[in-house]
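Number of protein chains: 2
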Amino acid sequence: MSAATPVLQNDLLLRALAREPVPRTPVWMMRQAGRYLPEYRATRERAGSFMDLCRSSELACEVTMQPLARYPLDAAILFSDILTIPDAMGLGLHFVEGEGPKFERPVRDSSAIRALRPPDIARDLGYVTDAVRVIRRELQGRVPLIGFTGSPWTLATYMIEGGSSRDFARAKALVYDDPAAAHHLLDMVATAVTQYLNAQIEAGAQAVQIFDTWGGALSTPAYQAFSLHYMTRVIEGLIREHDQRRVPVTVFTKGGGQWLELMADSGCDALGLDWTTELGDARARVGHRVALQGNLDPAVLNAGPAAIRSEVERVLASFGSGAGHIFNLGHGITPGVPPEHAGAMIEAVHELSPQWHESS
Amino acid sequence: MSAATPVLQNDLLLRALAREPVPRTPVWMMRQAGRYLPEYRATRERAGSFMDLCRSSELACEVTMQPLARYPLDAAILFSDILTIPDAMGLGLHFVEGEGPKFERPVRDSSAIRALRPPDIARDLGYVTDAVRVIRRELQGRVPLIGFTGSPWTLATYMIEGGSSRDFARAKALVYDDPAAAHHLLDMVATAVTQYLNAQIEAGAQAVQIFDTWGGALSTPAYQAFSLHYMTRVIEGLIREHDQRRVPVTVFTKGGGQWLELMADSGCDALGLDWTTELGDARARVGHRVALQGNLDPAVLNAGPAAIRSEVERVLASFGSGAGHIFNLGHGITPGVPPEHAGAMIEAVHELSPQWHESS
Numbered sequence: 001m002s003a004a005t006p007v008l009q010n011d012l013l014l015r016a017l018a019r020e021p022v023p024r025t026p027v028w029m030m031r032q033a034g035r036y037l038p039e040y041r042a043t044r045e046r047a048g049s050f051m052d053l054c055r056s057s058e059l060a061c062e063v064t065m066q067p068l069a070r071y072p073l074d075a076a077i078l079f080s081d082i083l084t085i086p087d088a089m090g091l092g093l094h095f096v097e098g099e100g101p102k103f104e105r106p107v108r109d110s111s112a113i114r115a116l117r118p119p120d121i122a123r124d125l126g127y128v129t130d131a132v133r134v135i136r137r138e139l140q141g142r143v144p145l146i147g148f149t150g151s152p153w154t155l156a157t158y159m160i161e162g163g164s165s166r167d168f169a170r171a172k173a174l175v176y177d178d179p180a181a182a183h184h185l186l187d188m189v190a191t192a193v194t195q196y197l198n199a200q201i202e203a204g205a206q207a208v209q210i211f212d213t214w215g216g217a218l219s220t221p222a223y224q225a226f227s228l229h230y231m232t233r234v235i236e237g238l239i240r241e242h243d244q245r246r247v248p249v250t251v252f253t254k255g256g257g258q259w260l261e262l263m264a265d266s267g268c269d270a271l272g273l274d275w276t277t278e279l280g281d282a283r284a285r286v287g288h289r290v291a292l293q294g295n296l297d298p299a300v301l302n303a304g305p306a307a308i309r310s311e312v313e314r315v316l317a318s319f320g321s322g323a324g325h326i327f328n329l330g331h332g333i334t335p336g337v338p339p340e341h342a343g344a345m346i347e348a349v350h351e352l353s354p355q356w357h358e359s360s
Numbered sequence: 361m362s363a364a365t366p367v368l369q370n371d372l373l374l375r376a377l378a379r380e381p382v383p384r385t386p387v388w389m390m391r392q393a394g395r396y397l398p399e400y401r402a403t404r405e406r407a408g409s410f411m412d413l414c415r416s417s418e419l420a421c422e423v424t425m426q427p428l429a430r431y432p433l434d435a436a437i438l439f440s441d442i443l444t445i446p447d448a449m450g451l452g453l454h455f456v457e458g459e460g461p462k463f464e465r466p467v468r469d470s471s472a473i474r475a476l477r478p479p480d481i482a483r484d485l486g487y488v489t490d491a492v493r494v495i496r497r498e499l500q501g502r503v504p505l506i507g508f509t510g511s512p513w514t515l516a517t518y519m520i521e522g523g524s525s526r527d528f529a530r531a532k533a534l535v536y537d538d539p540a541a542a543h544h545l546l547d548m549v550a551t552a553v554t555q556y557l558n559a560q561i562e563a564g565a566q567a568v569q570i571f572d573t574w575g576g577a578l579s580t581p582a583y584q585a586f587s588l589h590y591m592t593r594v595i596e597g598l599i600r601e602h603d604q605r606r607v608p609v610t611v612f613t614k615g616g617g618q619w620l621e622l623m624a625d626s627g628c629d630a631l632g633l634d635w636t637t638e639l640g641d642a643r644a645r646v647g648h649r650v651a652l653q654g655n656l657d658p659a660v661l662n663a664g665p666a667a668i669r670s671e672v673e674r675v676l677a678s679f680g681s682g683a684g685h686i687f688n689l690g691h692g693i694t695p696g697v698p699p700e701h702a703g704a705m706i707e708a709v710h711e712l713s714p715q716w717h718e719s720s
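Chains as they are written, first to last, in the numbering used here: chain A, 1 to 360; chain B, 361 to 720.
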């Protein structure tokens, strides 16, 4: 797309990910295109099912753009679901109101795992790369577009459990009783994830993020063997430069605050942090190697604008002066947040962050 | 009770909590008297409601003793619920099948908090201290009895949310919007918790544990201000010697692995660790100050005996040689675990741990 590509007008995100000086801290929100926005709910209603919304590149583009119309955000993130890959592997994804994602055909044992076939990314997930292209066109270079995927471990837990889980009884029983079968599954999923992110990058994603939502449920050695190992393999297989620009990779393991040093060894450019880790501590530990993204507790957005502003101030101060910080929530924005509270957070980042960049 | 008190025959737990040499690692399980045991389910059925079971000192004693009849455990833990204090404050605790605890009258705002009255421990929670006395009599000095409480923050979240919560939207909105009201509530609850644990100690509890189930949902500064601060205050107010023996205090913040140094400053004798923290790392960080309890992933008990044994071996090796380790799960045992799997874990601790104590 290089010939027709419009110039990127706001490259704060990419510069911060590269730990280059910026005049203020860039900001975006995980799940920024989501249910807290009335305009999202209206599009969602029109679309039919949640997966119909994901599968329509026009509608996925529409909801991707909605938060950018409301707020001065520094990035767009592809609207999609983390479970598109297992869906493309024939597990039958659907959503049950109030219960989250479900698979009709979970893979419960070794023989179900061995019977799995990898997805054909171009054929089965073309709707995602189509959406990336449509969004890039619509963005006109205003801000960069972030592509994303679930981590191999996170996808595997849903594939084995058949949906969300509190204690991952089945997935962990497999890991401990039949590690070879677990590795076989993770290996196949990691290959698919790599191809999937590369397809997004080729279609125009200018940065990518790996969401490891459930890595934090593992013990340290199990995290290394069954989650981090496969994220590292994915990163090794990624296109790291496209359209004459580096494509930075962010790894976000929710609950992974104890493992930042290990995560920074994965080859990623940035770590996403949930709100339980102090940015200042994280910076002291790994800030010389990677950029840091986060980490306001999303629950703070249920409080009023004054409290939000004061917590934004605290998060900025915790990172301190200089480059390498991307402001974000510590997890996705929740459906009940009043949109003006999200606005108060973004405004506070715009107002309060320049002082931390004055020397740069 | 000193005159009639039988000699404690198995003091491995108390010695390990004092970081004194022991011939093998003591072991008990969080929620060891629980639904995974068919004999528990039978007593529970006879009792009527879950709170009827807690309120009958005879039945609470019966279920407390059940795991000791099955397994060579090194401690009994009082059978009760963490929410007895808010129940005694008039919030109306009940249990909804599959949904966990619910309060009929949650405290939703500042005025509801200001209207709260502290419980009268002797009058409203005498059934708990009665149970402690009955269990001590029944134990005949076989193993020590552990008393417990929920942490002030954990109790407050249930009181505000009215039950379990995924993101603590209401409790955190209170913390950020009206910290004075949150502190007022936590102050009252902390005083009640202190009196409650002291009543358990006077009735015969030989060690106590504070379960901070939801402290890990907070940011680091919020954890310090709204959870750890109040646990520290509770510990400062506790009877630390009774019947000529030190009464050790264990603090367990699930998801608190990043805060071990802060927790060790609370004045506690031991830290409970969930399975995401490596015991060896924790020992290097705080093992010169406190004993460590944990931390097998309870989900490992869904795997077979060979896998269980190998994970027990790994946990023991992670702590390494010497005193100060109490083997436990990293969280409560789950209802679906086959009882023989719990037995395999306990047997493995008995068989494999002596080698780590040979020099002592």
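Glycine included, each C-beta is placed from N, C-alpha and C at the ideal position. From a predicted model like this one, the values you see are computed outputs, not experimental measurements.
- Taking 8 Å as the upper bound on Cβ-Cβ separation, chain B lies near residues ASP177 of the segment 177-203 of chain A.
- Proximity of the segment 297-316 of chain A to the segment 345-353 of chain A meets the contact definition, three or more beta-carbon pairs being nearer than 8 Å.
- Listed along chain A are TYR176, SER219, each with a C-beta nearer than 9 Å to that of GLU671/B.
- Excluding the 5 residues flanking it on each side, VAL535/B has same chain C-beta neighbours closer than 7 Å at ALA542, ALA582, PHE586, in chain order.
- Assigned with DSSP and collapsed to three states, LEU419/B falls in helix.
- Between ASP265/A and PRO248/A, the alpha-carbon positions lie close to 15 Å from each other.
- Listed in chain order, the non-local C-beta contacts of ILE706/B below 7 Å within the same chain comprise VAL387, TYR431, PRO432, LEU433, local neighbours out to five positions each way being set aside.
- The contact set of ASP297/A on chain B, defined by CB atoms closer than 8 Å, consists of LYS532, LEU578, SER579, ALA582 in chain order.
- Put simply, the backbone Cα of THR636/B is about 11 Å away from that of LEU689/B.
- By the Cβ neighbour-count rule, THR554/B is buried, with 16 or more other Cβ atoms within 10 Å of its own.
- Residues of the segment 455-467 of chain B whose Cβ lies closer than 9 Å to any Cβ of chain A: none.
- Judged by DSSP in its simplified three-state form, ASP130/A adopts helix.
- A residue is called buried when at least 16 other Cβ atoms come within 10 angstroms of its Cβ; GLY48/A does not meet this threshold and is exposed.
- Among the residues of chain B, none has a CB under 9 Å from the CB of ASN10/A; the nearest is roughly 29 Å distant.
- Annotated three-state conformation of ILE239/A is coil, per DSSP.
- With the rule of 3 Cβ pairs closer than 8 Å, the segment 53-61 of chain A counts as touching the segment 76-86 of chain A.
- With respect to the C-alpha of TYR518/B, the residue from GLU457/B, ALA475/B, GLY627/B, LYS532/B having the closest C-alpha is LYS532/B.
- Along the segment 497-517 of chain B, there is no position whose C-beta sits under 9 Å from a C-beta of chain A.
- Contact annotation for VAL660/B against chain A: LYS172, TYR176 [CB-CB distance below 8 Å, chain order].
- The beta carbon of CYS268/A sits closer than 7 Å to the beta carbons of ILE235, VAL249, THR250, VAL251, VAL290 from its chain, once the five residues preceding and following it are set aside; these are given in chain order.
- SER681/B sits exposed, since fewer than 16 C-beta atoms from the chains shown fall within 10 Å of its C-beta.
- Within the segment 582-635 of chain B, the runs of beta strand (DSSP E) that reach at least 3 residues and sit entirely inside it are, in chain order, 609-613, 630-632.
- In this chain, the beta strand (DSSP E) harbouring ALA651/B covers 651-656.
- In this structure, the CA atom of ASP297/A is about 14 Å from the CA atom of GLY304/A.
- GLN653/B is outside the set of residues whose beta carbon lies under 7 Å from a beta carbon in chain A.
- Assignment of ALA76/A by DSSP, reduced to helix, strand and coil, places it in the strand class.
- DSSP, reduced to helix, strand and coil, places HIS357/A within a helical segment of the structure shown.
- Counting only Cβ-Cβ distances below 8 Å, THR573/B has no contacts in chain A at all, with the closest Cβ about 13 Å away.
- Counting of Cβ neighbours within 10 angstroms places GLN604/B among the exposed residues, the total staying below 16.
- Checking the DSSP bridge columns, you'll see ASP572/B partnered with THR613/B.
- Using a CB distance cut-off of 7 Å, THR613/B does not count as an interface residue toward chain A.
- With a threshold of 7 Å between beta carbons, TRP635/B makes contact with chain A.
- Cβ atoms of GLN566/B and PRO504/B come within 8 Å of each other, at about 4 Å.
- DSSP places THR554/B inside the alpha helix (DSSP H), whose first and last residues are 539-563.
- Residues of chain B with a Cβ closer than 9 Å to the Cβ of THR250/A do not exist, since the nearest Cβ in that chain sits about 20 Å away.
- Per DSSP, the unbroken beta strand (DSSP E) holding VAL456/B starts and ends at 453-456.
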